[in-house]
Amino acid sequence: PDAPPEVPPLLPLLQAHLEHAEAMSEGRRADEELLRGVVAAADEVLSLLDATQIAAALGVPHVDPDDKRAKQRREVDEAQKKALVGALHLKAAALADLHKVAAAAGAGDGAGDGAGDGAG
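When you read off a place in the sequence shown, starting at 1, and then add 616, the result is the number in our numbering.
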């Protein structure tokens, strides 16, 4: 018989690393190095996940409640979906902040008190 479906073994560790990188950047969203760390950690999580496979598996609307293997597979797929969405969310937020940092660096060369930029 096949082994029961399970989450990739490194996924919880890499998710914890991503959460740590995100926590380190809290309140310091202008620190380019920290933001790049969040992006890199998110990429590590994403490298373990197959978005197409997750989407295909969760596209099946009904799981037979008597099929233990199918229920286990659904739980694994749901856990992977949660990891995928979380990593994509944090990566997108970090990339947006990196874009703001780059724009501020380009616009703020010498002059600029931030007035009129909507920040505050």
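Cβ coordinates follow ideal geometry from the N, Cα and C atoms, glycine included.
Three-way DSSP call (helix, strand, coil) for residue i in this model
i: Ala646; result: coil
i: Asp682; result: coil
i: Gly653; result: helix
i: Val661; result: helix
Backbone CA spacing between residue i and residue j [nearest angstrom]
i: Pro628; j: Lys697; result: 13 Å
i: Ala723; j: Leu714; result: 14 Å
i: Glu708; j: Ala658; result: A small correction: the amino acid at residue 708 is Ala; Glu does not occupy that position in the sequence shown. When rounded, the distance between both Cα atoms is 9 Å.
i: Ala632; j: Ala719; result: 30 Å
i: Gly732; j: Asp666; result: Only weak support is given to the placement of Gly732: the predicted model assigns it a pLDDT of 47, under 50, and the value that follows is read from those uncertain coordinates. If you take the alpha carbons of Gly732 and Asp666, they lie about 43 Å apart.
i: Leu630; j: His705; result: 15 Å
i: Arg685; j: Leu711; result: 38 Å
Distance between beta carbons of residue j and residue i, contact taken as under 8 Å
i: Gln688; j: Pro621; result: 5 Å
i: Val661; j: Ala703; result: 4 Å
task: Flag this pair as touching only if the stretch 635-652 and the stretch 674-681 have three or more C-beta atom pairs under 8 Å; answer yes or no.
output: no
field: Contact the stretch 646-654 vs the stretch 665-674: 3+ CB pairs below 8 Å
entry: Not touching, per the Cβ criterion.
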